[in-house]
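Undergrad: Per UniProt numbering, residue 1 is the first one in the sequence shown, and the count goes up by one each step.
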Amino acid sequence: QVDVAAMVRLFGYVDVTDTGFIVAVLSIAFNPLFWNVVARWEHKTRALSQVFGSPRAACYCLGAVILVLNCVRSHCFTEAMKSQPKLEGWDCHWTYYSGLAISAVGTLFVVSSFLALGFTGTFLGDYFGILMEEKVTSFPFSVLDNPMYWGSTAIYLGWSLMHASPAGLLLTAVVAISYTIAVLYEGPFTEEIYRQKQKGVK
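1) Can you tell me whether DSSP reads Ser138 as helix, strand or coil?
2) Does Val110 come out as helix, strand or coil in the three-state DSSP assignment?
3) Since Tyr185 and Asn36 should fall inside the 8 Å C-beta cutoff, what is the C-beta to C-beta distance between them, to a whole number of angstroms?
4) Report the option in Glu88, Ile155, Asn70 whose CA atom is closest to the CA atom of Ala29.
5) Of the choices Leu87, Trp150, Phe119, Thr137, whose alpha-carbon is the least far from that of Leu67?
6) If you drop the 5 nearest sequence neighbours on each side, which residues of the same chain put their C-beta closer than 8 Å to that of Pro140?
7) Exposed or buried, what is Cys92 when buried is set at 16 or more other beta-carbons lying within 10 Å of its beta-carbon?
8) So does the stretch 76-87 actually touch the stretch 159-176, counting three or more Cβ pairs closer than 8 Å?
9) Quick check on this structure: which residue in His163, Ser103, Met132 has the alpha carbon closest to the alpha carbon of Gly89?
10) For the alpha helix (DSSP H) holding Glu79, just list the boundary residues, first then last.
11) Give the list of continuous alpha helix (DSSP H) stretches no shorter than 4 residues that lie fully inside the stretch 126-202.
12) On the three-state DSSP scale, how would you describe Phe119?
Spelled out as structure tokens, the structure:
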């Protein structure tokens, strides 16, 4: 059971009206919205493929933009944490190294997911018509679904613990919510793309 009183005390440290915090929330919410809207637009119109000369070049361009946006998000996240108070009881070695371990696990999931999918597999290549031969089931996909998303969430969680930051924890919850919505939005659409591929093969 969730200790509501403890949660209230924890987030009492967070000024949600702070400009930096609001910017961080907006950057977190914007990223998956952006790449889903652009990818679906590309899937429907093939406009980016026409502009860049090929689906692969267009996918690489979108991937580069997503990487830049993720760097901006991480910067906003960090600045929001720095501008808010730390939780003194958590500002200790145990919490720091726990956060470091969680971040390391998250990094493992993110990197191994990228290696398993490749650049185009990671950055929505299927929306550009760059389809994989078969579903990836090796690690980390053998451990959990959407390891890139949850690995990224774990990195933010660990980063927040390392900084003993209630604001970071709240922003991590926003990251988790945004990814959950993205998965609900992306999953069925991607499955339909591959279903159409199988029909074409038959």
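For each residue, glycine too, the CB sits at the ideal point set by N, CA and C.
TA: Straight from the coordinates:
1) coil
2) helix
3) 6 Å
4) Asn70
5) Phe119
6) Leu108, Phe109, Ser112, Ser113, Ala116, Pro147, Gly151
7) exposed
8) yes
9) His163
10) 55-82
11) 147-162, 166-201
12) helix
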